[in-house]
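Working notes, beginning with the structure itself.
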Amino acid sequence: MSIERYYIINPHMMFMFGLRDRNAKVCTLVRELHRVFIVDRSPLEILDDSLRCIGFNLKGAMDTSKIIMGNNTMCPVMLNHIHNICVFPDRSHNHEETIWFNPNQILRTYSLRRKTQIEFRNRLILMNDSKLFSFNNKWKAAEQLSRITTENANKQVFFISKPPKKAGKRKRKGKIRSESTCD
Numbered sequence: 001m002s003i004e005r006y007y008i009i010n011p012h013m014m015f016m017f018g019l020r021d022r023n024a025k026v027c028t029l030v031r032e033l034h035r036v037f038i039v040d041r042s043p044l045e046i047l048d049d050s051l052r053c054i055g056f057n058l059k060g061a062m063d064t065s066k067i068i069m070g071n072n073t074m075c076p077v078m079l080n081h082i083h084n085i086c087v088f089p090d091r092s093h094n095h096e097e098t099i100w101f102n103p104n105q106i107l108r109t110y111s112l113r114r115k116t117q118i119e120f121r122n123r124l125i126l127m128n129d130s131k132l133f134s135f136n137n138k139w140k141a142a143e144q145l146s147r148i149t150t151e152n153a154n155k156q157v158f159f160i161s162k163p164p165k166k167a168g169k170r171k172r173k174g175k176i177r178s179e180s181t182c183d
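Note that the working numbering numbers the sequence shown so that position 105 is 105, with each residue one more than the last.
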């Protein structure tokens, strides 16, 4: 298995999770459609790196997700609305064993012995300790965040602002309102 020093999440990423190397450093196992490899960065560092390359950061993306989806510790994270890359955790991002999933790579889920069996688009099967209802709610939330973020990004936003007042000048008779159509 190859070891990469750096990784930017792309649409082929199916899931990733943290693991410790022989020196107890947190690294990440990444599964893409046709390859598996280890990245010498933690999952949260990979998420932050993926956001920073387009001018954002993980804290801002998580804050935005909480505003859109509600204050939840397991909110999905929109990484790139242009390429429709969103990920969601199977548990709180604070846990070392958290698995981050790409909802676009999941084909279907099944309940098996109070766990969730996840079938990916390339027919790979993964068992997850989450109950089916809980996992599917997180999957649905990620799809919603992706849809809402993409729709908001594609809306035209117009800003009409009031010109600054100049000292000693007469007031204009008409009023100009400040408006924003950003939802």
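For every residue, glycine included, the Cβ atom is placed at its ideal position computed from N, Cα and C. Quantities reported herein were computed from a predicted structural model and do not represent experimental measurements.
Which value, in whole angstroms, describes the spacing of the CA atoms of residue i and residue j?
{"i": "isoleucine 46", "j": "methionine 16", "result": "10 Å"}
{"i": "phenylalanine 135", "j": "lysine 165", "result": "55 Å"}
{"i": "methionine 1", "j": "tyrosine 7", "result": "15 Å"}
{"i": "asparagine 112", "j": "methionine 127", "result": "Residue identity differs from the one stated: residue 112 is leucine in this sequence, not asparagine. Taking the straight line from one Cα to the other gives about 9 Å."}
{"i": "lysine 66", "j": "glutamate 97", "result": "22 Å"}
{"i": "serine 180", "j": "cysteine 27", "result": "Annotation note: pLDDT 38 at serine 180 (below 50); position unreliable, coordinate value reported separately. Roughly 43 Å separates the two Cα atoms."}
{"i": "lysine 59", "j": "proline 11", "result": "21 Å"}
{"i": "arginine 31", "j": "lysine 155", "result": "34 Å"}
{"i": "arginine 177", "j": "phenylalanine 120", "result": "Confidence at arginine 177 is low in this model, with a pLDDT of 44, below 50, so its placement is unreliable and the value that follows should be read with caution. So the alpha carbons of these two residues sit roughly 50 Å apart."}
{"i": "arginine 91", "j": "histidine 83", "result": "25 Å"}
{"i": "isoleucine 38", "j": "asparagine 152", "result": "35 Å"}
{"i": "valine 36", "j": "arginine 52", "result": "24 Å"}
{"i": "leucine 107", "j": "isoleucine 118", "result": "8 Å"}
{"i": "histidine 93", "j": "aspartate 48", "result": "13 Å"}
{"i": "methionine 62", "j": "glycine 70", "result": "11 Å"}
{"i": "histidine 95", "j": "glutamate 4", "result": "23 Å"}
{"i": "proline 89", "j": "isoleucine 9", "result": "14 Å"}
{"i": "lysine 175", "j": "isoleucine 68", "result": "Its pLDDT being 47, under 50, lysine 175 is placed unreliably in this model, and the value from its coordinates should be taken loosely. Rounded to the nearest angstrom, the two C-alpha atoms are 33 Å apart."}
{"i": "alanine 24", "j": "threonine 149", "result": "37 Å"}
Is the CB-CB distance between residue i and residue j below 9 Å?
{"i": "serine 50", "j": "leucine 19", "result": "no"}
{"i": "valine 87", "j": "alanine 142", "result": "yes"}
{"i": "serine 146", "j": "proline 43", "result": "no"}
{"i": "tyrosine 110", "j": "leucine 132", "result": "yes"}
{"i": "isoleucine 85", "j": "asparagine 104", "result": "yes"}
{"i": "lysine 115", "j": "aspartate 129", "result": "yes"}
{"i": "asparagine 102", "j": "methionine 13", "result": "yes"}
Using DSSP bridges, identify the partner residues of residue i.
{"i": "phenylalanine 17", "result": "Leu29, Ile99"}
{"i": "glutamate 4", "result": "Val39"}
{"i": "arginine 108", "result": "Glu119"}
{"i": "proline 128", "result": "Correcting the residue type first, residue 128 is asparagine in the shown sequence and not proline. Asparagine 128 pairs with Thr116."}
{"i": "proline 89", "result": "Trp100"}
Taking the runs of the alpha helix (DSSP H) that are 4 residues or longer, which of them lie wholly in the stretch 37–83?
-> 43–52, 58–69
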